[in-house]
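Numbering (the working numbering), first residue to last: 838 to 1056.
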């Protein structure tokens, strides 16, 4: 189990310490996704991927038996058009040395995982990586299981192993941390507007009101 701090300032995510692994967001897995509305998982994982790109967080894409299970969904592949997903035969991603080597090459220890299905292809690598000293975060709303129960039991099991459950907007919020960080502000705003659901709508409205106020001051 990871011995990293689970509370305090050091427990929060930073772009500099993070690495993302996205597992098996493929048509076959979506076909039996019953814990969440599939379109929401698509939206959330693409939002997570786009946020990772905004903050220059290394992101590893991986699929399982893509010739049978289908290629990575287009919305996700489009975020990293130059990257060929690592196609595995292992059910447990962390047993594929190419994936582990890609993560190790980053030198980062805060491992953020999302994938399908939670109870198998997310839980297995998350639990194993936590046992090897990584501080593992599982993005629960960018993952999903064959049933609601399967997803929830997997999350409970991972928590017992020291894995931290988190949502994609929480990840992005911890990366941004301060709206005065102007370098990532425009990109993060765009991600929220397109993938943030009600948060994005509210954010767009707030931007409109601020623009109106400035316009009124100018006149």
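We put the beta carbon where it would ideally sit given N, CA and C, even for glycine.
If you're wondering where the values come from, they're calculated on a predicted model, not measured in any experiment.
Alpha carbon to alpha carbon, how far is residue 1045 from residue 986? 41 Å
Under DSSP, the beta strand (DSSP E) around residue 1018 begins and ends at which residues? Premise fails: residue 1018 is in no beta strand (DSSP E) and is neither H nor E.
For residue 1037 and residue 903, the rounded distance between their alpha carbons: 33 Å
Measure the Cβ-Cβ separation of residue 855 and residue 949 and say whether it is below 8 Å. yes
Compare the beta carbon distance of residue 906 and residue 1032 with 8 Å and say whether it is the shorter of the two. no
Residue environment, residue 974, which counts as buried when at least 16 other CB atoms sit within 10 Å: buried
For residue 862 and residue 941, what's the separation of their Cα atoms in angstroms? 22 Å
If you compare alpha carbons, which of 1019, 955, 1025 and 972 is closest to residue 929? 955
What does the Cβ neighbour count give for residue 1048, buried or exposed, with the cut at 16 atoms within 10 Å? exposed
Using 8 Å as the Cβ pair cut-off and three pairs as the minimum, do the region 1013-1020 and the region 987-999 touch? no
If I follow the unbroken beta strand (DSSP E) through residue 964, where does it start and stop? Not the beta strand (DSSP E): residue 964 falls in the alpha helix (DSSP H), residues 960-968.
Measure the CB-CB distance between residue 946 and residue 969 and report whether it falls below 8 Å. no
Indicate the three-state DSSP secondary structure (helix, strand or coil) for residue 851 in the structure shown. coil
Going by beta carbon distance, what residues of the same chain come within less than 6 Å of residue 933, once the five residues before and after it are set aside? 925 and 927
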